[in-house]
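For the sequence shown, the numbering used here begins at 1 and goes up steadily by one.
Glycine included, C-beta positions come from ideal geometry on N, C-alpha and C.
Written below as structure tokens is the structure these notes are about.
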Amino acid sequence: MKVNTQVAQQRQVLEQAVSQALELASAQSDGAEVAVSKTTGISVSTRYGEVENVEFNSDGALGITVYHQNRKGSASTTDLSPDAVARTVQAALDIARYTSPDPFAGVADKELLAYDAPDLDLFHPTEMDADRAIELAARAENASLNVDKRINNTEGGSFNSHYGIKVFGNSNGMLQSYCSTRHSLSSCVIAEVNGEMERDYAYTIGRAMEDLDSPESVGIECARRTLARLSPRKLSTMKAPVIFAAEAATGLFGHLVGAIAGGSVYRKSTFLLDSLGKQILPEWLTIEEHPHLLKGLASTPFDSEGVRTERRDIIKDGVLQQWLLTNYSARKLGLKSTGHAGGIHNWRIEGRGLDFAGMLKEMGTGLVVTELMGQGVSGITGDYSRGASGFWVENGEIQYPVSEITIAGNLKDMWREMVTIGSDIEKRSNIQCGSVLLPEMKIAGQ
Numbered sequence: 001m002k003v004n005t006q007v008a009q010q011r012q013v014l015e016q017a018v019s020q021a022l023e024l025a026s027a028q029s030d031g032a033e034v035a036v037s038k039t040t041g042i043s044v045s046t047r048y049g050e051v052e053n054v055e056f057n058s059d060g061a062l063g064i065t066v067y068h069q070n071r072k073g074s075a076s077t078t079d080l081s082p083d084a085v086a087r088t089v090q091a092a093l094d095i096a097r098y099t100s101p102d103p104f105a106g107v108a109d110k111e112l113l114a115y116d117a118p119d120l121d122l123f124h125p126t127e128m129d130a131d132r133a134i135e136l137a138a139r140a141e142n143a144s145l146n147v148d149k150r151i152n153n154t155e156g157g158s159f160n161s162h163y164g165i166k167v168f169g170n171s172n173g174m175l176q177s178y179c180s181t182r183h184s185l186s187s188c189v190i191a192e193v194n195g196e197m198e199r200d201y202a203y204t205i206g207r208a209m210e211d212l213d214s215p216e217s218v219g220i221e222c223a224r225r226t227l228a229r230l231s232p233r234k235l236s237t238m239k240a241p242v243i244f245a246a247e248a249a250t251g252l253f254g255h256l257v258g259a260i261a262g263g264s265v266y267r268k269s270t271f272l273l274d275s276l277g278k279q280i281l282p283e284w285l286t287i288e289e290h291p292h293l294l295k296g297l298a299s300t301p302f303d304s305e306g307v308r309t310e311r312r313d314i315i316k317d318g319v320l321q322q323w324l325l326t327n328y329s330a331r332k333l334g335l336k337s338t339g340h341a342g343g344i345h346n347w348r349i350e351g352r353g354l355d356f357a358g359m360l361k362e363m364g365t366g367l368v369v370t371e372l373m374g375q376g377v378s379g380i381t382g383d384y385s386r387g388a389s390g391f392w393v394e395n396g397e398i399q400y401p402v403s404e405i406t407i408a409g410n411l412k413d414m415w416r417e418m419v420t421i422g423s424d425i426e427k428r429s430n431i432q433c434g435s436v437l438l439p440e441m442k443i444a445g446q
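As structure tokens, this is what we get:
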């Protein structure tokens, strides 16, 4: 059966299950919402060109939440037969009898719901069989292994291709669904010199197969990254400028997501509690959210509560414009949901024109961070301390790799004092930004 035909049939079954659950729940409660998702696809991995693993996946579940007299009950099932759906609805109703009343609980308001979901060009299925998937993974891995004799071991190549169907409905008359695909290819190898080994990886990901990099380019990039890490040195403890390479910089802004989330705000557990409408980033920096970006990896027409998503300025000229609110957190704060139940949607942070080489020259001497380890970040104080590895730079040129260091600062200062952001945008994340240059951080070494 062709993928498109199969998806159309599955989508109809899922929508019927949601409709049934809503009909049953609405008759016995003040409000209800039902979400169902199904993911189908293939995952393969190779090692030295031999098949390590082949998995065909088909997973799905229906979840229902009911609200009755300000009490909330939730239940889920992987069995979508009418009898199983009815039992799941009854289970949610039974649970709601025993939970504590909460005046802020309930279905999202009608005026916020996505009754018309736009097509965001997220669905690009491919007729993928195991042989072709294995070939792609093996080609990426072999390309890595053939670059340099110092690459003498491998963790393998992998390829994944999946399509998903999401359906959401609630008792306020909303029932919408959409389909999406995601394809990815990666390679991970190990290099050795003088008895010391280093590993690294590279990957490509997209909604459509034609948007992926070739297996050979993925493999060669993996080899380049791995070889660059060989013979790392340790640094002395010091203060120095730091560049967060684009992949690491996305995580730097990821901490902002948690700090301005509605849950953190109403619990008063964020160091940005009194920052709404105030400058927290440099004046030249704006963070835009584009949930309707065509083919976007974090694009969605509505959030996990059915609230329609919209293009927003999260930060405008360095000033925090709004909190990231779910239906519940918005009501706790006396505000309206911003459509962020389930996370953020394609943050775009424009650079200031410098490519990575230009960023190095701008810094002169300092540290480039390419990998971060540990969880040493406080959402309450903003204190930041994480293990890191990367490269030492002098006179605008990379000199040697470094490892086993710790970098420390405070996120408030780090964000406010950013010197520039590069044009080397990392587009494989829900936060799209380039490398970030900070004027100074504490570096703990030997």
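Check, Outcome
"What is the DSSP secondary structure of T250, counted as helix, strand or coil?", "helix"
"Look at the alpha carbon of D83 and the alpha carbon of A341, and state the distance between them as a whole number of angstroms.", "30 Å"
"Following the continuous beta strand (DSSP E) through C179, name the residue where it begins and the one where it ends.", "L175 to V193"
"Using the Cβ count rule (16 or more neighbours within 10 Å means buried), how would you classify M418?", "buried"
"Quick one: give me the first and last residue of the alpha helix (DSSP H) that S329 is part of.", "N327 to L333"
"Look at S186 and V218 and say whether their C-beta atoms are less than 8 Å apart.", "yes"
"Check the DSSP bridge columns for K442 and list the partner residues they point to.", "K239 and A408"
"What distance in whole Å lies between the Cβ atoms of F271 and I431, which are believed to be in contact at a cut-off of 8 Å?", "Not confirmed; about 19 Å, so no contact."
"Measuring alpha carbon to alpha carbon, tell me which of T181, H68, S171 and L112 ends up nearest G41.", "T181"
"Report yes or no: do three or more beta-carbon pairs, one from the segment 351-358 and one from the segment 369-386, lie closer than 8 Å?", "no"
"Taking all protein chains shown into account, do 16 or more other C-beta atoms lie within 10 angstroms of the C-beta of F159, making it buried, or fewer, making it exposed?", "buried"
"Closest to V54 by CA distance: which of R132, V369 and H292 is it?", "R132"
"Return the bridge partner residues of R312 from the DSSP annotation.", "E289"
"Check whether the Cβ atoms of H162 and T39 sit closer than 8 Å, and answer yes or no.", "yes"
"How long is the line joining the alpha carbons of P401 and G164, rounded to whole angstroms?", "41 Å"
"Between the segment 201-208 and the segment 58-76, do at least 3 Cβ pairs fall closer than 8 Å?", "no"
"Give a yes or no on contact between the segment 165-177 and the segment 83-102, applying the rule of three or more CB pairs nearer than 8 Å.", "no"
"How long is the line joining the alpha carbons of A246 and F356, rounded to whole angstroms?", "9 Å"
"Which residues bound the alpha helix (DSSP H) around M209?", "M209 -> no alpha helix (DSSP H), and no H or E assigned at all."
"Would you kindly work out how many angstroms separate the C-alpha atoms of Y48 and E394, rounded to a whole number?", "38 Å"
"Could you give the C-beta distance for G409 and M441, rounded to a whole number, given that I count them as a contact under 8 Å?", "5 Å"
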